[in-house]
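Position one of the sequence shown corresponds to residue 34 (the numbering used here), numbered consecutively onward.
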Amino acid sequence: MRRAQGWLCVTNTDGSLDEAATFTCSHCQKIVPCRAAQDPYALGGFCRQCDRLICSRCVGRDCVPFMKAIEAAEQAEYRRRQLERL
Ligand SMILES: [Zn+2]
Ligand SMILES: [Zn+2]
């Protein structure tokens, strides 16, 4: 019997979900608690583009995986600094 705490939901290769106490939203990295017997879809959603669970806040939004969002922010910052130098 697993006493999951802070575990991540892992999508198995066969598409089933491991029982877990939490999952991390792939888009905003929010930790979302979920009960093992609970349908993760009820708590949030599943992004077919990055193949990960996402939180309810990110459902219906574009697929912007966290690392990509960071990269985009860094690039924006870089560009801003370049402009400041002019
Ligand atoms: Zn999210
Ligand atoms: Zn996604």
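Don't be surprised by glycine CBs; every beta carbon is placed ideally from N, CA and C.
Alpha carbon of residue i to alpha carbon of residue j, nearest angstrom
i, j, result
"R114", "V97", "24 Å"
"L116", "D84", "37 Å"
"R81", "C61", "16 Å"
"E107", "R90", "23 Å"
"E110", "K63", "23 Å"
Residue span of the beta strand (DSSP E) that contains residue i, given as start and end
i, result
"R81", "Looking at the DSSP string, R81 is not in any beta strand (DSSP E), and its letter there is neither H nor E."
Under 7 Å between C-beta atoms of residue i and residue j
i, j, result
"I103", "S59", "no"
"V65", "F56", "yes"
Handout entry: Those runs of the alpha helix (DSSP H) which lie wholly inside the segment 85 to 119 and span at least 4 residues
Key = 99 to 118
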